[in-house]
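Q: Using my numbering, the letters of the sequence shown map in sequence onto residues 4 to 379.
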Amino acid sequence: MYKNYSFLLPVLMLLAASCGSGSSGDSHVDSTPLELKYASLLSIDRGDGWDRVTITNPWDTTTTLHTYILVPDTAEIPGDIPEGTVVRTPLKRAVVYSTIHTDLFRELGAEDIVKGVTDVPYITDSTVISRIRAGEITDCGMHTAPSIEKIIALAPDGVLVSPYENSGSYGKLGQLGIPLIECADYMEISPLARAEWVKFYGLLSGRFDEACRMFEAEESRYNALKEKASAATVRPRVLLDTMYGGVWYVPGKKSTTSQFISDAGGENPFDIYHDGGSISLSGEKVIHTAGDSPIWLIRYSQPTPLTIGQLKSDNDLYTAVDALRNGNVWGANSSEEDYFSVMPFHPSVYLDDLIKVIHPEMSDSVASPRFFHKLK
4 MYKNYSFLLP
14 VLMLLAASCG
24 SGSSGDSHVD
34 STPLELKYAS
44 LLSIDRGDGW
54 DRVTITNPWD
64 TTTTLHTYIL
74 VPDTAEIPGD
84 IPEGTVVRTP
94 LKRAVVYSTI
104 HTDLFRELGA
114 EDIVKGVTDV
124 PYITDSTVIS
134 RIRAGEITDC
144 GMHTAPSIEK
154 IIALAPDGVL
164 VSPYENSGSY
174 GKLGQLGIPL
184 IECADYMEIS
194 PLARAEWVKF
204 YGLLSGRFDE
214 ACRMFEAEES
224 RYNALKEKAS
234 AATVRPRVLL
244 DTMYGGVWYV
254 PGKKSTTSQF
264 ISDAGGENPF
274 DIYHDGGSIS
284 LSGEKVIHTA
294 GDSPIWLIRY
304 SQPTPLTIGQ
314 LKSDNDLYTA
324 VDALRNGNVW
334 GANSSEEDYF
344 SVMPFHPSVY
354 LDDLIKVIHP
364 EMSDSVASPR
374 FFHKLK
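(1) Considering Cα atoms alone, identify which of 200, 187, 276 is closest to residue 39.
(2) Can residue 185 and residue 68 be called in contact, C-beta distance under 7 Å?
(3) Determine, for residue 254, whether the minimum Cβ-Cβ distance to residues of chain B falls below 7 Å.
(4) Nearest to residue 120 by alpha carbon, out of 109, 138, 183, 100?
(5) Residue 3 and residue 107 look like a contact to me (Cβ under 8 Å); what is the Cβ gap, rounded to whole Å?
(6) Within its chain, find whatever has a CB closer than 6 Å to the CB of residue 162; leave out the 5 residues flanking it on each side and keep chain order.
(7) Given that a residue counts as buried once 16 or more other Cβ atoms are within 10 Å of its Cβ, and exposed if not, what is residue 237?
(8) Identify whether residue 24 lies in helix, strand or coil by the three-state DSSP scheme.
(9) Which of the three DSSP states, helix, strand or coil, is assigned to residue 249?
(10) According to DSSP, simplified to helix, strand and coil, what is residue 199?
(11) Taking DSSP as the reference, what is the three-state secondary structure of residue 372?
(12) Look at the alpha carbon of residue 229 and the alpha carbon of residue 378, and state the distance between them as a whole number of angstroms.
(13) So, with DSSP's three-state summary, where would you put residue 51?
(14) Just the Cα atoms here: how many angstroms apart are residue 291 and residue 265?
(15) What three-state label does DSSP hand residue 259 in the structure shown?
(16) Is it buried or exposed for residue 362, if we count other Cβ within 10 angstroms and need 16 for buried?
(17) Under a three-way DSSP split, which group does residue 334 fall into?
(18) Identify, in the order they occur along the chain, each residue of the same chain with its Cβ nearer than 7 Å to the Cβ of residue 372, setting aside the five sequence neighbours on each side.
(19) So does the region 57-72 actually touch the region 84-92, counting three or more Cβ pairs closer than 8 Å?
(20) Starting from residue 154, follow the alpha helix (DSSP H) in both directions and report where the run begins and ends.
(21) Please tell me whether residue 331 and residue 298 are closer than 7 Å, where the distance is taken between their beta carbons.
(22) Would you report the Cα separation of residue 151 and residue 78, rounded to the nearest angstrom?
(23) My output table needs one value for residue 93: the three-state DSSP class, helix, strand or coil.
(24) Could you compute how far the alpha carbon of residue 314 sits from the alpha carbon of residue 300?
(25) Please give me, in chain order, every unbroken run of the beta strand (DSSP E) with length at least 3 that falls completely inside the region 283-322.
(26) Measuring only the C-alpha atoms, how far is residue 348 from residue 321?
(27) Closest by CA to residue 350, which one among 285, 118, 223?
(28) Per DSSP, which one or two residues make a beta bridge with residue 240?
(29) Looking at residue 333 and residue 375, is the spacing between their C-beta atoms short of 7 Å?
(30) Judging by CA-CA distance, which residue of 50, 95, 63, 135 is the nearest neighbour of residue 209?
(31) Give a yes or no on contact between the region 237-253 and the region 268-283, applying the rule of three or more CB pairs nearer than 8 Å.
(32) Is the Cβ-Cβ distance between residue 279 and residue 261 less than 7 Å?
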């Protein structure tokens, strides 16, 4: 069956880990805002010897999820810095929960800062796997139940975690005095908004200039593709994925997935739901709303390619989808090509794939889509 991706040491060590993570300072300090064109959940202010990074709470945008004060580790911590969690930069011993961010640090030329990871069974990057086998990176367990002992032993200067609604203080991990860096980029409502978070990760890793160049190039490519797709006279409805665990997760209007479909010249049948992220619906509700979609894109993971026959045998409901009856079902198998790691900070690559599927007549390239393949 295939599955969707809809994934104590001595007191002195604890004190050492906590030296850079205290909250201190004055909230009224002169600074200059860094221009961010797309990110809605991130703001960066540059002061004298520090950077303040403010992350808006995605689940209550009237509140702040976290404020970080980034201070170079070569300098004294100023006495008049703003309030927030102090992080010494660049990070040198980070624990990273998501492969998306380990891949990003490698691309920025900062792979050596990663000393611990979680969810090793899902890592596909050969460089990271080799470093784990060589003992250069520690397997810290699963992100849902990380090994606190292994994390403490690493004495990290930051742990990059994936926040969830009501995730609270992260249990024992939040009591160690180690800066917890909440990577809420996945909750942005547009592809370029998420991609712009590379500037934050560039500051953390000492690769800010490289991060800015990377984003500028990506922004240019993405907007050029979007402009081309905007000329489409027909915007076909696009159904996504399949049922999982008795429900069907579909993208709300304020989600990056819905924005991707729109930017590729398609229509998300579930834009009627003005939500961010995914909405869980019954199979019957999805078929009633989107069964007439002429295009069906399925993101999945399994050792062998998904087939039309497998879809039909898995659930009779699927036979009511127009795209299946017309042979226009496309699958992206993440076990073969890890688009989840590419898409966040290189959205143009994913957008190019979508345009090739939704509007093949508009593609400049004769090459097949990189991620999606028509099901047989």
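Glycine included, each C-beta is placed from N, C-alpha and C at the ideal position.
A: Reading off the structure:
(1) 200
(2) yes
(3) Reference to chain B is not applicable here, since this structure consists of a single protein chain.
(4) 100
(5) In this structure the chain extends from 4 to 379, so residue 3 is not present and cannot be described.
(6) 98, 181, 183
(7) exposed
(8) Residue placement at residue 24 cannot be trusted, given a pLDDT of 43 that sits under 50; the coordinates are not used to answer.
(9) coil
(10) coil
(11) coil
(12) 26 Å
(13) coil
(14) 21 Å
(15) helix
(16) buried
(17) strand
(18) 356, 359, 360
(19) yes
(20) 151-157
(21) yes
(22) 30 Å
(23) coil
(24) 12 Å
(25) 298-304
(26) 33 Å
(27) 223
(28) 270
(29) yes
(30) 95
(31) yes
(32) no
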